[in-house]
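Chemist: Okay, so the sequence shown: first residue is 9 according to this note's numbering, each after it adds one.
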Amino acid sequence: DYSSAAFFLCMGALSRTGITVSGLRADSAQGDRAVLDILRAMGAVVEETPSGVTVRRGALRGTVIDAGPVPDLIPAICALAAAAEGETHVVNAARLRLKESDRLATTAEMLSALGADIEELPEGLVVRGRALRGGAVSAQHDHRIAMAAAVAAGAAAAAASLSLMAEVSFIFSGSMPFAAKITTAAQAAAAMTFLKGFGIAKRRLSLMFRCFMALRRISAIIFSCRPSGRGSVSCPMISDRFEKTAYMVLH
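Structure below.
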């Protein structure tokens with residue numbers, strides 16, 4: 009999935025060592041595969057091999073990006089552009105205002121909080137590269153803003169802390185903490201430590217839901233029971249629900 013991989017590929021563009029992402033098809037029809045061309049245009053070193061795609065830092069520079077075909081890439085690319093030389097112009101991006109958040113506004117707000125020089129336009133963004141200082145930012149309950157903040161933290165001179173996390177487990181099998189602090193001494197690789205812990209909360213909620221459903225089934229069985237004479241009780245639902253209920257309780 010190039011949309012999810014884009015965050016790590018952008019992190020790699022901030023690292024001299026680089027990051028390799030496996031599981032990406034070279035013949036993919038996904039529009040977000042264009043992230044590789046955008047990274048090359050920005051000066052990153054991109055290597056495609058049968059085992060994966062490796063991206064490492066080059067002489068990063070600004071470019072012009074048409075957001076029309078690749079709207080989901082814009083937050084991460086802007087985070088990278090904040091650390092590149094020169095200006096990056098994002099155009100044709102009005103549809104970003106209709107995502108999980110107004111991503112033109114939230115991208116600009118998040119990067120500005122980390123010290124970026126970014127200008128919000130009615131249908132785009134202008135990012136002027138300079139050193140990022142770190143700081144406290146809000147993800148605005150938007151998973152792509154949260155991940156873009158992780159990318160930007162890889163270029164920041166100081167720690168970055170993040171609040172108002174969105175659940176990102178639906179784009180990653182791993183997860184992110186509710187409140188994270190990233191130190192960037194190891195450049196972008198350190199930002200990957202950001203992806204820990206949120207799954208604990210998800211698993212707990214899942215367990216609570218399963219218990220609720222099991223209790224609901226047990227209650228249905230109990231309330232189906234009726235006196236059948238001579239002191240006995242008939243529970244017609246037990247025969248066809250007991251096995252399923254027992255399975256839910258045990259699991």
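All C-beta atoms, glycine included, are put in the ideal place defined by N, C-alpha and C.
Alpha carbon to alpha carbon, how far is Ala-37 from Pro-118? Give it in angstroms, no decimals.
Modeler: As a first step, residue 118 is located in the sequence shown; it is residue number 110 there, counting from the start. As a first step, residue 37 is located in the sequence shown; it is residue number 29 there, counting from the start. Contrary to the premise, residue 118 reads as Met rather than Pro in this sequence. Straight-line Cα distance between these residues: approximately 31 Å.
Chemist: Hey, is the region 65-81 in contact with the region 138-147, meaning 3+ C-beta pairs nearer than 8 Å?
Modeler: Touching, no.
Chemist: For Glu-175 and Thr-57, what's the separation of their Cα atoms in angstroms?
Modeler: Position 167 of the sequence shown, counted from the first residue, corresponds to residue 175. Position 49 of the sequence shown, counted from the first residue, corresponds to residue 57. Its pLDDT being 46, under 50, Glu-175 is placed unreliably in this model, and the coordinates cannot settle the point.
Chemist: DSSP three-state label for Gly-70, please.
Modeler: Counting from 1 along the sequence shown, the entry for residue 70 is found at position 62. It is coil, neither helix nor strand.
Chemist: Skipping 5 residues on each side, what residues in its chain have a beta carbon closer than 7 Å to that of Leu-104?
Modeler: If you number the sequence shown from 1, residue 104 lands on position 96. Closer than 7 Å at Cβ, skipping near neighbours: Ala-75, Pro-79, Ile-82, Arg-111 and Leu-112.
Chemist: Leaving aside the five residues before and after Thr-114 along the sequence, list all residues of the same chain whose C-beta is less than 7 Å from its C-beta, in chain order.
Modeler: Residue mapping note: residue 114 aligns to position 106 of the sequence shown, counting from 1. So the list reads Gln-148, Asp-150 and Ile-153, once near-sequence residues are dropped.
Chemist: Below 8 Å between beta carbons: does that hold for Leu-133 and Ala-160?
Modeler: The residue you call residue 133 lines up with position 125 of the sequence shown. The residue you call residue 160 lines up with position 152 of the sequence shown. Not a contact, by the Cβ cut-off of 8 Å.
Chemist: Give me, in chain order, the residues of the same chain whose beta-carbon lies closer than 6 Å to that of Val-53; leave out the 5 immediate sequence neighbours on both sides.
Modeler: As a first step, residue 53 must be located in the sequence shown, where it is residue number 45. Arg-64 and Gly-66.
Chemist: With DSSP as the reference, label Glu-56 as helix, strand or coil.
Modeler: Reading the sequence shown from its first residue, position 48 is the one you call residue 56. Three-state DSSP puts Glu-56 in a strand.
Chemist: Within 10 Å of its beta-carbon, does Phe-220 have 16 or more other beta-carbons around it, so buried, or fewer, so exposed?
Modeler: Translated into the one-based positions of the sequence shown, residue 220 becomes position 212. Result: exposed.
Chemist: Can you tell me whether DSSP reads Glu-131 as helix, strand or coil?
Modeler: Taking the sequence shown and counting its residues from 1, the one referred to as residue 131 is at position 123. In the structure shown, Glu-131 sits in coil (DSSP, three-state: anything other than H, G, I, E or B).
Chemist: Is Thr-96 closer than 8 Å to Gly-70 when the C-beta atoms are compared?
Modeler: Against the sequence shown, residue 70 aligns to sequence position 62. Against the sequence shown, residue 96 aligns to sequence position 88. The answer is yes: Cβ separation under 8 Å.
Chemist: Rounded C-beta distance between Cys-86 and Ala-156? I'm assuming under 8 Å.
Modeler: The residue given as residue 86 occupies position 78 in the sequence shown. The residue given as residue 156 occupies position 148 in the sequence shown. Right, the Cβ-Cβ distance comes to about 7 Å (below 8 Å), so this counts as a contact.
Chemist: Starting from the C-beta of Val-145, find all residues in its chain whose C-beta is less than 7 Å away, skip the five residues before and the five after it, and write them out in chain order.
Modeler: Here residue 145 refers to the residue found at position 137 when the sequence shown is read from its first residue. Closer than 7 Å at Cβ, skipping near neighbours: Met-118, Ala-121, Leu-122, Ala-157, Ala-168 and Leu-170.
Chemist: Let me know the secondary structure DSSP gives Ala-13 once reduced to three states.
Modeler: The residue given as residue 13 occupies position 5 in the sequence shown. In the structure shown, Ala-13 sits in a helix (DSSP, three-state: H, G or I).
Chemist: Rounded to the nearest angstrom, what separates Ala-34 and Val-43 at their Cα positions?
Modeler: Here residue 34 refers to the residue found at position 26 when the sequence shown is read from its first residue. Here residue 43 refers to the residue found at position 35 when the sequence shown is read from its first residue. Each residue's Cα considered, the two are about 12 Å apart.
Chemist: Reducing DSSP to helix, strand and coil, say where Arg-136 ends up.
Modeler: On the sequence shown, residue 136 is found 128 positions in, with the first residue counted as 1. The answer is strand: DSSP assigns Arg-136 an E or B state.
Chemist: From the DSSP output, in three-state form, read off Gly-39 for me.
Modeler: Taking the sequence shown and counting its residues from 1, one reaches residue 39 at position 31. It is helical.
Chemist: Would a C-beta distance cut-off of 8 Å place Ala-166 and Leu-88 closer than the cut-off?
Modeler: Taking the sequence shown and counting its residues from 1, the one referred to as residue 166 is at position 158. Taking the sequence shown and counting its residues from 1, the one referred to as residue 88 is at position 80. Result no, Cβ atoms of Ala-166 and Leu-88 do not sit closer than 8 Å.
Chemist: Which residue comes first and which comes last in the alpha helix (DSSP H) that contains Glu-117?
Modeler: Mapped onto the sequence shown, residue 117 falls at position 109. Its alpha helix (DSSP H) spans residues 111-121.
Chemist: Compute the Euclidean distance between the alpha carbons of Cys-18 and Ala-102, then round it to the nearest angstrom.
Modeler: Looking up residue 18 in the sequence shown gives position 10. Looking up residue 102 in the sequence shown gives position 94. Going from the Cα of Cys-18 to the Cα of Ala-102 covers about 23 Å.
Chemist: Since His-149 is in the beta strand (DSSP E), which residue starts that stretch and which ends it?
Modeler: Working through the sequence shown from its first residue, we reach residue 149 at position 141. Per DSSP, His-149 belongs to no beta strand (DSSP E) and is neither H nor E.
Chemist: Hey, how far is the Cα of Asp-40 from the Cα of Asp-9?
Modeler: Mapped onto the sequence shown, residue 40 falls at position 32. Mapped onto the sequence shown, residue 9 falls at position 1. Computed Cα separation, rounded: 8 Å.
Chemist: Which same chain residues, not among the five before or five after Ile-126, have their C-beta less than 8 Å away from its C-beta?
Modeler: Sequence index remark: in the sequence shown, residue 126 carries index 118 (1-based). The residues are Cys-86, Ala-90, Thr-115, Ala-116, Leu-119, Ser-120, Leu-133, Val-134, Val-135 and Arg-136.
Chemist: Assuming Ala-84 contacts Met-50 (C-beta within less than 8 Å), just tell me the rounded distance between them.
Modeler: On the sequence shown, residue 84 is found 76 positions in, with the first residue counted as 1. On the sequence shown, residue 50 is found 42 positions in, with the first residue counted as 1. Actually they are not in contact, since the Cβ atoms of Ala-84 and Met-50 sit about 12 Å apart, beyond 8 Å.
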